Amino acid sequence: MWKWPVFFWLAVIAAVLWLAPVFVDHVVIEAYFPMQARGDKLFYPRQNAVFIPILAAVLLFAIWLWRRPFAPFIYKCGLLILALAALSPFLPRVETDFQQVYWIGKARYEIPWQYAPSRGSIRPGGDLFQVRVSFPDMTPLYESRQKTITIGRALYFQFSINAPGPAKLCKPLFGKLQCQWLRGEVVYSATGDKDLFPDDPSSLMTPVENLLDSFQVPASPR
Numbered sequence: 001m002w003k004w005p006v007f008f009w010l011a012v013i014a015a016v017l018w019l020a021p022v023f024v025d026h027v028v029i030e031a032y033f034p035m036q037a038r039g040d041k042l043f044y045p046r047q048n049a050v051f052i053p054i055l056a057a058v059l060l061f062a063i064w065l066w067r068r069p070f071a072p073f074i075y076k077c078g079l080l081i082l083a084l085a086a087l088s089p090f091l092p093r094v095e096t097d098f099q100q101v102y103w104i105g106k107a108r109y110e111i112p113w114q115y116a117p118s119r120g121s122i123r124p125g126g127d128l129f130q131v132r133v134s135f136p137d138m139t140p141l142y143e144s145r146q147k148t149i150t151i152g153r154a155l156y157f158q159f160s161i162n163a164p165g166p167a168k169l170c171k172p173l174f175g176k177l178q179c180q181w182l183r184g185e186v187v188y189s190a191t192g193d194k195d196l197f198p199d200d201p202s203s204l205m206t207p208v209e210n211l212l213d214s215f216q217v218p219a220s221p222r
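Under the numbering used here, residues 1 to 222 are what the sequence shown spells out, in order.
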C-alpha cells in the first residue's frame, strides 16, 4: 500500500526537476525571441508543463488531508498525469499564422512572425518598424541571423549622423552598411554586413519598398 504514495511523490520531484530547465529555457526564448514563441502553437504548453506536477501534488495533498487514505488507483492516475507532463518537451513544433500588428501613423501593417518584426508600435501613431530578411530574395529567416539584412519603414531618417542624402545612399559602419532613402513621405532603410549588399546598393531599393509596402492593410471603406 505504501509503495504507491512513495512512487507518486518521487515522480513529482523528478518531473519538476526535469521540467524546470525547460521552463527557464522557454522564458529566455520568449524574452529574446518573442516571435519564435508566438509562432509555435505548443510553445506555451511546453513552457508551463512544470506547473502540472506542482498543482497535482498540491491538490492531491489537500485532498489527502481531508480524506485519506487513497486507493492505489488515485496514485496511478496521478502518475499517468505526471508522465504525460514529463513528455511535453518532446511535443513537436506546430507553426502558427501569427502576424504582428504595427502602426505607422494611422496606417496598419500586419507582418508574419517569420520576418522577425521589431521596434514597431502596436498602437496608432507609430513612426517605424523593422523586419529581417535574406537578400536578394527577401525571404524571412527568423531562426538565423546569418546572411540576413534588417530593413525598415519609417517617417524619419534613422541614422542621424551624416544621414545620406540623394547623392549618398549608404554609409559604412564597422563592417556593416547602413542605407536609407526617402520615397514620397516614407523613409526606407537597409542595414547588414557589407558583403551581403550588391555592388550597386540602389538595386535593393525596389525589392525593399515592395516588401514593406505589402504589409500595409488597406483602410476599410467608411
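A virtual CB, placed ideally from N, CA and C, is assigned to each residue, including glycine.
Keep in mind that this is a model prediction, so the values were computed, not measured.
Would you verify that the beta carbon of residue i is, or is not, closer than 8 Å to some beta carbon of chain E?
{"i": "L80", "result": "Any reference to chain E falls outside this structure, which holds one protein chain only."}
Is DSSP giving residue i helix, strand or coil here?
{"i": "R153", "result": "strand"}
{"i": "L84", "result": "helix"}
{"i": "A167", "result": "Note that A167 scores 47 on pLDDT, short of 50, meaning its location in the model is unreliable and no value can be drawn from it."}
{"i": "G78", "result": "helix"}
{"i": "Q180", "result": "strand"}
{"i": "P172", "result": "strand"}
{"i": "P89", "result": "helix"}
{"i": "Y223", "result": "The requested residue 223 is not part of the displayed model; the chain covers only 1 to 222."}
{"i": "P198", "result": "coil"}
{"i": "L140", "result": "Note that residue 140 corresponds to Pro in the displayed sequence, not to Leu. If DSSP states are grouped into helix, strand and coil, P140 belongs with the strands."}
Count the other CB atoms within 10 Å of the CB of residue i; is the residue buried (16 or more) or exposed (fewer)?
{"i": "D40", "result": "buried"}
{"i": "V187", "result": "buried"}
{"i": "S214", "result": "exposed"}
{"i": "L84", "result": "exposed"}
{"i": "V27", "result": "exposed"}
{"i": "G184", "result": "exposed"}
Report the rounded CA-to-CA distance for residue i versus residue j, giving the unit in angstroms.
{"i": "W113", "j": "C77", "result": "39 Å"}
{"i": "F23", "j": "E95", "result": "20 Å"}
{"i": "A62", "j": "P92", "result": "34 Å"}
{"i": "F51", "j": "P69", "result": "25 Å"}
{"i": "A14", "j": "R46", "result": "16 Å"}
{"i": "L55", "j": "P5", "result": "16 Å"}
{"i": "P89", "j": "L182", "result": "47 Å"}
{"i": "L261", "j": "L19", "result": "This structure leaves residue 261 out entirely; the chain is present only between 1 and 222."}
{"i": "K147", "j": "P140", "result": "11 Å"}
{"i": "A219", "j": "P201", "result": "32 Å"}
{"i": "Y75", "j": "N48", "result": "22 Å"}
{"i": "K171", "j": "L87", "result": "51 Å"}
{"i": "L196", "j": "G175", "result": "11 Å"}
For the alpha helix (DSSP H) that residue i lies in, which residues bound it at each end?
{"i": "L214", "result": "Note that residue 214 is Ser in the sequence shown, not Leu. Residues 205-214."}
{"i": "R38", "result": "34-38"}
{"i": "I111", "result": "Premise fails: I111 lies in the beta strand (DSSP E), 107-112, not in any alpha helix (DSSP H)."}
{"i": "L65", "result": "51-66"}
{"i": "F43", "result": "43-48"}
What residue range does the beta strand (DSSP E) around residue i cover?
{"i": "I104", "result": "99-104"}
{"i": "A190", "result": "186-193"}
{"i": "R132", "result": "128-134"}
Review point. Does the count of Cβ pairs from the segment 202-212 and the segment 130-145 closer than 8 Å reach three?
Key: yes
Practice item. Decide if the segment 115-131 is in contact with the segment 96-103; the criterion is three or more beta carbon pairs, one per stretch, under 8 Å apart. Key: yes
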